[in-house]
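Trainee: Numbering (full-length UniProt numbering), first residue to last: 1 to 547. Note that beta-carbon positions come from the ideal geometry of N, C-alpha and C, so glycine has one too.
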Amino acid sequence: MDGPRLLDSSSTPVFHSDSNPAALYKRLLNGPSHSQIEFEKTLIGSLPGVGTEVCPFLVNFVHNDPFDPMNLPPGQRWAISALVAIGALIVTFSSSAYNGGILDLIAQFRVSREVAIAGVSLYVLGFAVGPLLWAPLSEIHGRRGVFVVSFAGMTVFTVGAASAGSMAALLVLRFLTGATGASVMTNGPGVIADIFDASQRGLATGPIIGGFLGEAEGWRWLQGLMAILSGVITLLGIIFINETYTPVLLRQRAERLSRLTDKVYISALDAGQPPATPGQKLKAALIRPWIFLFREPIVLIASIYVVIVYGTMYLNFAAYPIVFQRGRGWGIGLGGVAFTGTAIGVVLATIAAYVDYKHYIRIQKETKKNFLPPEYRLRSTIVGSFLVPIGLFWFAWTSQPSIHWIVPIIGSVFFSCGLVMVFMSLLNYLIDSYVVFAASVMAANSVLRSVFGAAFPLFTIDMYENLGLQWAGSIPGFLALACIPFPLIFYLYGARIRMKCKFAAEAAHILDTMMKQSAAAKAEATPPANEEANKDATLSGPESESV
C-alpha cells in the first residue's frame with residue numbers, strides 16, 4: 001500500500017500555490033482550495049482504519065502537512081497574529097476612546113454624566129455577553145468565520161452608533177458593538193495558541209488618540225473612526241486569516257474524504273467520542289464556559305485575580321480626568337497625554353515578555369521538552385503582582401497639584417507595566433493549561449471580568465469625589481496588594497490543582513495525544529539510522545570495506 005505523499009524539510013510546499021481568481025473566490029467563502037483537495041487525495045488508502053462505521057479511517061495531520069496551522073510559513077503566522085492583535089487593540093481603543101466625547105454627548109443630548117458614562121459600561125457589559133456565543137461557535141465551526149462575522153457586525157453597529165439620533169439608541173448600539181467585538185478578546189488567544197506555542201497582546205493608546213479626536217471633532221467622529229478601523233480589519237481578515245483550529249480542520253478533512261471515497265473517515269481527535277448532533281455540540285459548548293468558571297478551580301481563581309486587577313485599572317483610570325483636568329487645568333486632549341506613562345509601561349512590559357519568552361525557549365532546549373509545564377509562565381505574573389500595587393500607591397499619593405505632574409505619571413508606568421505582565425502571563429498560563437479549550441476558558445474569564453468592569457465606571461468618579469484622591473486611589477492599591485499570594489500559589493501548587501480539574505486533565509491528554517501522533521508521523525517519515533547506514537555501505541561498495 002502506498003503511503004501518503006509527505007513533505008520533508010527539503011520539499012517545496014507546492015500545495016500553497018493557489019493564487020488565481022477562482023481560488024481567491026473560494027477563499028472568501030472559506031472553502032477548500034484545489035491544492036488542498038489534491039493533497040488530501042494523496043492520503044486515501046494510507047490512514048489507519050478500514051473505513052467502516054465500526055472501524056473508520058482516522059484523519060490526522062501528517063508529518064510536514066502544509067495545511068497544519070503549526071506549519072504555516074512564519075510570515076503568514078505573524079500576519080495572522082498581527083491582525084488578531086490589531087483587532088484586540090481596536091476593540092480596546094473603542095472602549096476607552098469613547099471617553100473623549102462624553103462632554104459633547106452631555107451637551108448634545110442633554111443627559112446626565114452617569115447616563116453618558118453608561119456608554120462605557122454597556123460596551124464592557126457586551127464583553128460579558130458576546131463570548132458566551134463566540135467562544136462555543138469557534139470551537140464548533142472554527143476561528144476564521146467567527147472573526148469575520150463578528151468584526152463585520154462590529155463595523156455595522158459602530159456605523160449605527162456614529163449616526164445615532166438619541167442617547168438611548170447610542171447606548172443600545174454601544175452594547176451590541178461590545179458584544180460583537182468581544183470575539184477577538186476570547187478567540188484571539190485561541191488563534192495564537194493554534195499557530196504558536198507562545199502569545200502576546202496588549203496596548204493602551206486609545207485614551208491618548210481618543211482625547212484629542214473627541215476634543216477636536218466630537219463624539220460622532222470617534223465612532224466613525226472606530227467603524228473605519230473595524231471595517232478595514234474585517235476585509236483584511238477575510239483575505240489573510242486562515243482557519244487555525246485543529247479539531248475543526250481535521251473534521252472538515254474527514255468529511256471531504258468521506259464524500260470523496262464513500263468510506264467513513266473521522267478526526268483522530270474524535271475517536272472514542274460518542275456521536276453528537278450539531279445541536280448537542282452547541283449546547284455542550286454553550287454551557288462549557290460556565291463549567292470552567294465554577295468547576296475548574298484554576299479558571300475560577302485566575303478569573304477572580306484578573307477581575308481584581310481589571311477593576312484596579314478602571315478605578316485608577318477614573319482618577320486621570322480628576323487629577324490632570326480638574327486638578328491641573330489641562331484640556332481634554334492634553335489630559336489624554338497623561339496616559340503616555342501607561343503606554344510606556346506597556347512597552348516595557350512587552351520587552352519584559354520578550355526576555356521571558358527567550359528564557360522560556362532556552363529552558364525548552366536545555367530540557368529537550370516541546371511543552372513545559374504551564375507554571376513556567378507565572379514568573380512574570382509574580383513580578384507584575386508587586387509592580388501593580390507599587391504603581392497604584394505611587395500614583396495615589398503623588399497626585400496633588402503641588403507635586404510635579406511627571407511624578408504620578410512615572411507611577412503609572414509601574415502600574416501599567418505590572419498590569420500587562422500579569423495579564424499576558426496569566427492568560428498564557430490558562431491557554432497552556434487548557435490548549436484546545438482556550439476559547440471557552442477565555443470566555444469564562446471575560447464574562448466575570450466584564451461584569452465587574454461594566455460596574456466600575458458608574459461609581460468610581462463619586463468615590464474619588466467623596467474619599468479624595470489619596471484614599472480613593474489607595475483602595476485599588478490595597479486590592480492589588482491582597483492579590484500578591486495568588487500567582488505564588490499557582491506557581492507552587494498549580495500542577496497538583498490542574499490534575500484534579502476535569503477539563504485541564506482532558507486538555508493535557510489531548511495535547512499529549514497530538515504530540516505523540518506528530519512524533520509518530522515524523523518518525524515514520526524519517527528512515528532509521530541503521531537503514532541509512534546500510535544504504536551508504538551498499539552505495540560505497542566493497543572497496544570501502546577494505547579501507
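Taking 8 Å as the threshold, find out whether the region 412–420 comes into contact with the region 371–386 through three or more Cβ pairs.
Mentor: yes
Trainee: Per the contact definition of three or more C-beta pairs closer than 8 Å, is the region 439–450 in contact with the region 296–305?
Mentor: yes
Trainee: Going along the chain, which residues of its own chain have a beta-carbon closer than 6 Å to the beta-carbon of residue 94, five neighbours each way excluded?
Mentor: 226
Trainee: Over the uninterrupted beta strand (DSSP E) stretch that includes residue 266, give me the two end residues.
Mentor: 265–267
Trainee: Pairs of beta-carbons, one from the region 334–345 and one from the region 475–494, closer than 8 Å: are there three or more?
Mentor: Counting Cβ pairs under 8 Å, fewer than three are found: no touch.
Trainee: Would you identify the three-state DSSP class for residue 176, choosing helix, strand or coil?
Mentor: helix
Trainee: Please state the DSSP three-state secondary structure of residue 59.
Mentor: strand
Trainee: Would residue 182 and residue 173 be called neighbours here (beta carbons separated by less than 8 Å)?
Mentor: no
Trainee: Any idea what DSSP makes of residue 417, helix, strand or coil?
Mentor: The answer is helix: DSSP assigns residue 417 an H, G or I state.
Trainee: Given this structure, state the Cα-to-Cα distance separating residue 363 from residue 357, to the nearest angstrom.
Mentor: 10 Å
Trainee: Between the alpha carbons of residue 453 and residue 222, how many angstroms are there, rounded?
Mentor: Distance between the alpha carbons of residue 453 and residue 222 is about 22 Å.
Trainee: Alpha carbon to alpha carbon, how far is residue 499 from residue 101? Give it in angstroms, no decimals.
Mentor: 49 Å
Trainee: Once DSSP output is grouped into helix, strand and coil, what is the label at residue 99?
Mentor: helix
Trainee: Can you give me the C-alpha to C-alpha distance between residue 40 and residue 250, rounded to a whole angstrom?
Mentor: 11 Å
Trainee: Short check: CB of residue 120 to CB of residue 99, under 8 Å?
Mentor: yes
Trainee: Could you round the C-beta distance between residue 436 and residue 292 to whole angstroms and report it? I think they count as a contact, below 8 Å.
Mentor: So it is not a contact: roughly 13 Å between Cβ atoms.
Trainee: Work out the CA separation of residue 424 and residue 6 for me, nearest whole Å.
Mentor: Any reading at residue 6 must be qualified, since the residue scores a pLDDT of 33, below 50, and its modelled position is unreliable; the value itself is stated next. The straight-line gap from Cα to Cα measures roughly 37 Å.
Trainee: When you compare the CB positions of residue 230 and residue 90, do they come within less than 8 Å of one another, or not?
Mentor: yes
Trainee: Taking 8 Å as the CB-CB cut-off, is residue 393 touching chain C?
Mentor: Among the chains of the structure shown, chain C does not appear; only one protein chain is present.
Trainee: Excluding the five sequence neighbours on either side, which residues of its own chain have a C-beta within less than 8 Å of the C-beta of residue 79, listed in chain order?
Mentor: 240
Trainee: Is it buried or exposed, residue 55, if we count other Cβ atoms within 10 angstroms and call 16 or more buried?
Mentor: With fewer than 16 other Cβ atoms within 10 Å, it is exposed.
Trainee: Short check: CB of residue 184 to CB of residue 82, under 8 Å?
Mentor: no
Trainee: Counting pairs of Cβ atoms below 8 Å between the region 362–381 and the region 486–494, do you hit three or more?
Mentor: yes
Trainee: Which of the three DSSP states is assigned to residue 405 in this structure?
Mentor: coil
Trainee: Hey, would you say residue 599 sits closer than 8 Å to residue 137, going by beta carbons?
Mentor: Shown here, the chain extends from 1 to 547; a query on residue 599 therefore has no answer.
Trainee: Answer yes if the region 258–269 comes into contact with the region 50–65, meaning at least three C-beta pairs across the two stretches below 8 Å, and no otherwise.
Mentor: yes
Trainee: Counting C-beta neighbours from all protein chains within 10 Å, is the total for residue 75 16 or more, i.e. buried, or is it exposed?
Mentor: exposed
Trainee: Quick check on residue 288: does DSSP put it in helix, strand or coil?
Mentor: helix
Trainee: Can you tell me whether DSSP reads residue 325 as helix, strand or coil?
Mentor: helix
Trainee: Take residue 403 and list the residues in its own chain whose beta-carbon comes closer than 7 Å to its own, dropping the five residues that flank it on each side.
Mentor: Answer for residue 403: no residue qualifies.
Trainee: Where residue 551 and residue 460 are concerned, what is the direct C-alpha to C-alpha distance, given to the nearest angstrom?
Mentor: The shown model of the chain, from 1 to 547, leaves out residue 551, and the question about it has no answer.
Trainee: So the alpha helix (DSSP H) residue 462 belongs to, where does it begin and stop?
Mentor: 438–467
Trainee: If you draw a straight line from the alpha carbon of residue 270 to that of residue 60, how long is it in whole angstroms?
Mentor: Answer to the nearest angstrom: the Cα atoms are 10 Å apart.
Trainee: Quick one: what's got a C-beta closer than 8 Å to residue 380's C-beta in the same chain, skipping five residues either side?
Mentor: 352, 353, 356, 421, 422, 424, 425
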